[in-house]
Structures are given as C-alpha cells and as structure tokens.
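Those protein sequences? They're chains A and B, same order as listed.
End of the first sequence = 241 in the numbering used here, gap-free, step of one.
End of the second sequence = 626 in the numbering used here, gap-free, step of one.
Notes follow once the structure below has been shown.
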Amino acid sequence: MSLIQGTNLRKTYRLSRRTSVEALRGVDIDIAAGEMVAIMGPSGSGKSTLMHILGLLHAPDRSDGPMPGLRIDGTDAGTLSDRERTQIRARSMGFVFQSFNLVPTLTAAENVALAAEYAGIARGTARTAAREALDSVGLADRAGHRPMELSGGEQQRVAIARALVTDPKLILGDEPTGNLDSTRSAEVLDMLRRFNRERGQTFILVTHDPEVGAACDRIVRMRDGLVVADERVAAVVEVAA
Amino acid sequence: MRLLRELSRRKLRTTLTVIGITIGIWALVVFSSMANQINGLVGMGTEFYADKIVVTDGEAFGSSPMRLAAADTIAALDDVAAVEPKIEFLWESDPPVGFATPHLVAGIVPGADAGHETFDLEIATGRTLTTEDEGNVVVLGATVARKHGVVAGDSVEIRGETFEVVGTLQPTLTSPDITGLIPLATAQVIYLDDLPPLVAESLEAGEVVSQIVVYPAEGADFTAVASAIEASVENSATMTGAEFNESVGATTGIFTAVIIGVATVSLFVGGLSVINTMAMSVAERTREIGIKRAIGGSRGRIIRELVAEAAIIGLIGGLVGLALGATVVVVANELGRASGNVLFDLTPATAAFAVGFSTILGMLAGIIPAWTAARLDPVSALRYE
C-alpha cells in the first residue's frame, strides 16, 4: 500500500528577480508503507527539495501542465493549511537532519520530549516516552546531558530518538550520517534499519553516502530535478513481509 | 525553568536589557510615589476645605492682615454657623530654601469652630490649647515636635522667644504635623511685628488676623455665603472647597502629566531594548527555530515561547525596578522624616501597576520578533548558519 504518492512534483526557487532555479522539474514518486528508501544524487539534483516536499516543509508549485499531486497516507497534502501540515509533521513524521540539530539549551531527554509535546502528548507522558526512546537508541544514561556534552554520534542518536518518540509512520532523514565517521555512521544505519524492521516504519533518507544507499531497500537516483533511476537493492529484498 | 535557561544563555545581553527596564520602572515607581504623596496632600486639602470657607484679605492672598472685627461682621450673616479667626505665619522668618515644606505657627482661638471642624487632632503628650491659655505656650504637631526633640513640659524657641510646650499631637500625615499652635493674642503680636512697617503702623496687635475660617450652617449654599461675605467685608477674598479643587487640580494635573511623560519615555526606551534583545535572540536561534518548526512546533507555540521569554525579562526588570524604587522611597522618607520632608508614598496599587506594566511591556515588545520568528521558512532556517 502506498504511503506517499507524488505526481508531477515541481519546485522553482526564485533567487532574485531575474534568476530562479528549477529544483524539481516534475517528479513522480510512490513510496510504500514500510519501505526504506534512499534518495541519492549529486548536489543540486533536487533530492533535498524532494524531501522537503514529502516532509510537508514546502509545498510543490502549482505549475502548468498536468496538476501536481501529493497524497500522504490518503490525505491530499495540496489542500492543507500551514497549521494542518505542522500537525501532520508533529504526529505522523519524524525528522533527522544533519548534526547540530538539537536545541542546545535542552537536555537530551528534553529535546526528545519536545517532539512528543508538539504531537500533543501530555508533559508527563512525553517525559516517559522520551526516556524509552533514548533507551531504544542506547542513550538512557545520557538523558540529562546537554547536546554540547555529547559526541557527534550521540547527538545524532538523540535526534533519532526524537524522530521516533511519537512512533511516526514516516521518518525523513537529510544526510543522517553526514557528519559522522564511518564507524558511527554504521552504528546509526544499523539502528535505522532495526526500527524499520521491528516497527515497520517507513524511512526516506537523502544522502550521497553509498553505504546508506546499500543499507536501504530501494534507491531513487536524481539528477537535475528529475528521477533518473529507481532501483531495488538486491541484498535486502527479503525484508518486506 | 526552560525559559530561565534560555535567558541565562545570553547573560550579559539579558542583564543589560533587564537593567534598561529596571531604570524605567525605577523612575516610574519613584515618580508615581511622589505623585501619590502630592495627590494625598491635595486630597487632604480638599477634605480640609470641604466644610468651610476661608476668608482672607483680597489684595494679596493671605499675606496682608485682616481686621478681627470682620469676624463679628461675618458671624452676623445668615447661614454662618461658626467663625474662627486665625493667624498663620512661618515658624522661621527666613526659612531655608529646599524641598521641605516650611514649618508654620498658627494662632488660634480654641473652640471657636464650635465643633464644626471635622479634622480630629489627637494628643500624643500633654494637652490641647484652651481659652485660658495665654502668653508663650504652644502645642506642637508631630513633625515639629520630633524635629525639636521635645514633649509636653519642654520648651522651644519661636522667633527668638521661648515657648512652653503644653502638648504634642499624634501624626496626621498632613499640615497639622508641621504646625505649632499658639493662642491668637500671642500670634497677633508676632504677626504685627512681621508686617511691613508701613502697614503695621496704623494697626494694633489686637485687631489683626491673617484669615477667618467660616463654617456655614448645614445645608447652606456655600457660594451664596461666600458672596455675602465678600459683599459685607471690604477687600475680602473667599476660598471654598470647589475653588480650591479648581486651582490646585490644574497644578497637580500638570505634575501628573510630567510624571507620566518621564515614565513613558523611560519605558519606551526599555521596550525598544527588549525588542532589540529578542530580535537578536531570534536571529541567533534561527536554526533552532527551524528545527522546532520542522519537528512540528506550531507558529503559535514558537510565538508563545518567545513572548513568554520577553515577558520574563519585563517581569524581572519590573521586580528589580520596584525593589530599587522602594528602597529609594523608604530611605528618602526615613532621611527626610526628621525635617518633615516626607516626599514619597508608595502605594500597593503603584507597586502592582509597575510590575504588571513592565511585564506587559515585555510581552508587547516580544511580539514583533516572535512573529518574525514564527514566519521563518523552516527549511531556510535549518540551513541558516
């Protein structure tokens, strides 16, 4: 069953009055629930823009030609207000960005609990959920530390715990291993893979790290704002069940 | 708690902003307390004049003598219940120039008001003046008594003469505190001495007074009585409660306007510095705001968080400003009390207003930067370095 269906997704960024960049030039994408998909491509290929649109951070352009469409979990995303999109992000999505993406004044536990609170979970429950989420990424003993007191790998695991705390259907990662060395990177990947298998959550990871691509079920390759290849990763085909 | 941590992250800037507001609130508290005191005195004056008409010489308000005989003329008029001739002059012929209200001496005829004076004076030591008293005896108001450090039985000097203190009064927080009461006849001699020789030449001590306080009968038309007095006593001027309010009200109105002006300017500056602090803090936290928006923080929530921070800055500034202002008020009043120089009255309403006002000011100042923050595009905010 499709979790995400995007048709003719376009996005043009206006840089100044004269210049604009066509970041997406009509992308069709269909992602099934429970899939773990890597979106790969060189810088400027539109992969981040695609992720922002799929993550409801930006709306696709209403361009001429066939109407662009985006359905997420059965909802037509094109008609949503900012408030509704924010609410879907809070309740049904988790985000993992490149590092330095934690609130520096909050402890690890508070950072994680914040996402739960945004999703409408009461403060006390959010705190318990945050502790469990930190435990699931192996950071229970670091709950009271501030981001500055944590290593890059630990920070990224806190971010993953934050993305998972609401048990969302979809987790989006923008270079989730971008700032990590290969050992840490492998750890983080293992963790994402494990959640995908154990909980059936859908992952979309934007990356140019081939290791990340290899760990996914499927790789969508982009170039110049278009999808140029969409391939299954052989080694892990048996996962879907 | 989280809010305080956010604020403590930029200690210096937050502190400076708080200081800015503190100064504004400090000024507000001090000036308002001064206004309270003045309005209090004016209120007392209003109360004092409420049931009487004060008659003075018409040429120069209160400074030229009236004839004692006029008291009898007035007493004979319709609707006049009681007449109290009186002399008031400064305790020292050359009072020091300063903020303090100079102390007064009042020559009175005890009991002349026939029970119409509603302002009660309570005795602290000794007794009040009686009609039997004559010569150099005095009953001192609380402030005067404290200044000279005397109680009943001691003596004080007035205009170079020694007076026996027969009584001292409880504080009333208004003019009786700074007044020494002496028999009218004694006052007449000093008063005549004080007049310019040209005026004094043709007068006898026994026939001069400086004012006549008239108590109209109950239900009488004060304006009509005042006109009757002016018609029957040559060269007289009358002051009723309504006229007092009119003449003093204009002055206090200007004073209040000046105070509000000063406070507004200082708070405007304080408000701008809150806007500045919050705007910089938003700029610094652009990335963080992007993260919060991306993971599902609503615009309303971002605004609430930042406005709450600004409100806390305002609240702290208000509390510190109030504390400093209160310190100034208490210390200045204590220092001034000895010389009867109580300048400030810090009421609970003023205190509550100052703190409430600065909190709301902080919130309002925080709204603009918070609004800017909430409008940020999460994606650009995330990329912001």
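No residue lacks a Cβ here, since even glycine has one placed at the ideal position from N, Cα and C.
Report the option in 328/B, 357/B and 349/B whose CA atom is closest to the CA atom of residue 322/B.
Residue nearest to residue 322/B within the set 328/B, 357/B and 349/B is 357/B (criterion: CA-CA distance).
Quick one: what does DSSP say residue 269/B is sitting in, helix, strand or coil?
It is helical.
DSSP on residue 169/A, reduced to helix/strand/coil?
Here residue 169/A carries a coil assignment [DSSP, helix/strand/coil].
Residue 170/A and residue 57/A: beta carbons closer than 8 Å?
Not in contact: residue 170/A and residue 57/A (Cβ atoms no closer than 8 Å).
Of the choices 232/A, 213/A, 112/A and 71/A, whose alpha-carbon is the least far from that of residue 145/A?
Put simply, of 232/A, 213/A, 112/A and 71/A the residue whose alpha carbon is nearest the alpha carbon of residue 145/A is 112/A.
Same chain, Cβ closer than 8 Å to residue 303/B, neighbours up to 5 away in sequence not counted:
Confidence in residue 303/B is poor, its pLDDT being 48 and thus under 50, which makes the residue's placement too unreliable to answer from.
Inter-residue CB distance, residue 243/A and residue 172/A (contact presumed, cutoff 8 Å):
The shown model of chain A, from 1 to 241, leaves out residue 243/A, and the question about it has no answer.
Rounded separation between residue 243/B and residue 106/A - CA only
Rounded to whole angstroms, residue 243/B to residue 106/A spans 8 Å at the Cα level.
Using 8 Å as the limit for Cβ to Cβ distance, is residue 276/B near chain A?
Output row for residue 276/B: interface = no.
For residue 620/B and chain A, any beta-carbon pair shorter than 8 Å?
For residue 620/B, the nearest beta carbon of chain A is closer than 8 Å to its own beta carbon.
What does DSSP give as the partner residue(s) for residue 342/B in the beta ladder?
DSSP output for residue 342/B lists no bridge partner at all.
For residue 584/B, three-class secondary structure by DSSP
Residue 584/B: coil per DSSP, three-state reduction.
Whole-Å CB distance - residue 165/A paired with residue 177/A, under 8 Å assumed:
The pair is not a contact, with the Cβ atoms about 20 Å apart (cut-off 8 Å).
Whole angstroms are fine: how far does the CA of residue 295/B sit from the CA of residue 584/B?
Rounded to the nearest whole angstrom, the CA to CA distance from residue 584/B to residue 295/B is 27 Å.
Quick check: residue 108/A and residue 143/A, are their CB atoms within less than 8 Å of each other?
A contact, by the Cβ cut-off of 8 Å.
Tell me, please, whether the CB atom of residue 3/A is closer than 8 Å to any CB atom in chain B?
Not closer than 8 Å to any Cβ of chain B, the Cβ of residue 3/A fails to qualify, so no.
So that I know if they touch, is there some Cβ in chain A lying closer than 8 Å to that of residue 607/B?
No - not a single Cβ of chain A is within 8 Å of the one on residue 607/B.
When the Cα atoms are used, what is the spatial distance from residue 315/B to residue 263/B?
Rounded to whole angstroms, residue 315/B and residue 263/B show a C-alpha spacing of 57 Å.
Would you check if the distance between the CB atom of residue 92/A and the CB atom of residue 168/A is smaller than 8 Å?
In this structure, the beta-carbon distance from residue 92/A to residue 168/A falls below 8 Å.
Output the boundary residues of the beta strand (DSSP E) element that contains residue 72/A.
Here the beta strand (DSSP E) through residue 72/A covers 69-72.
Rank 379/B, 442/B, 440/B and 437/B by C-alpha distance to the C-alpha of residue 417/B and give the top, closest one.
Comparing Cα positions, the closest option is 379/B.
Looking at the secondary structure, which residues open and close the alpha helix (DSSP H) in which residue 377/B lies?
For residue 377/B, no alpha helix (DSSP H) encloses it, and the DSSP letter there is neither H nor E.
Using DSSP with H/G/I as helix, E/B as strand and the rest coil, what is residue 231/A?
Taken through DSSP and simplified to helix, strand or coil, residue 231/A comes out as strand.
Within chain A, partners of residue 538/B - CB distance below 8 Å
The answer, in chain order, is 86, 90, 114 and 118.
Alpha carbon of residue 525/B to alpha carbon of residue 250/B, nearest angstrom:
For residue 525/B and residue 250/B, the distance between alpha carbons rounds to 11 Å.
Using 8 Å as the limit for Cβ to Cβ distance, is residue 75/A near chain B?
Put simply, the CB of residue 75/A is far from chain B, with every gap to its CB atoms at 8 Å or more.
By how many angstroms is the C-alpha of residue 460/B removed from the C-alpha of residue 444/B?
When rounded, the separation of the alpha-carbon atoms in residue 444/B and residue 460/B is 37 Å.
Using the DSSP secondary-structure output, state which residues sit across from residue 396/B in a beta bridge.
Paired residue(s): 405/B.
Just to confirm my understanding: we take residue 25/A, look at its own chain, exclude 5 residues before and 5 after, and list those with CB closer than 8 Å. What are they?
Sequence-distant partners of residue 25/A (beyond 5 residues in either direction) whose C-beta falls short of 8 Å from its own C-beta, in its chain, are 10, 46, 224, 225 and 226.
Neighbouring residues, chain A, relative to residue 623/B (Cβ below 7 Å)
What residue 623/B touches in chain A, judged by beta-carbon distance under 7 Å, is 97, going in chain order.
Proximity of residue 455/B and residue 470/B at Cβ, strictly below 8 Å:
The answer is yes: Cβ separation under 8 Å.
Starting from residue 521/B, follow the alpha helix (DSSP H) in both directions and report where the run begins and ends.
Residue 521/B: member of the alpha helix (DSSP H) spanning 482-525, first to last residue.
At least one CB of chain A closer than 8 Å to the CB of residue 535/B: is that the case?
Chain A has a Cβ within less than 8 Å of the Cβ of residue 535/B.
Within 8 Å of any Cβ in chain B, is that where the Cβ of residue 103/A sits?
Yes, residue 103/A counts as interfacial toward chain B.
At least one CB of chain B closer than 8 Å to the CB of residue 162/A: is that the case?
Interface residue, yes.
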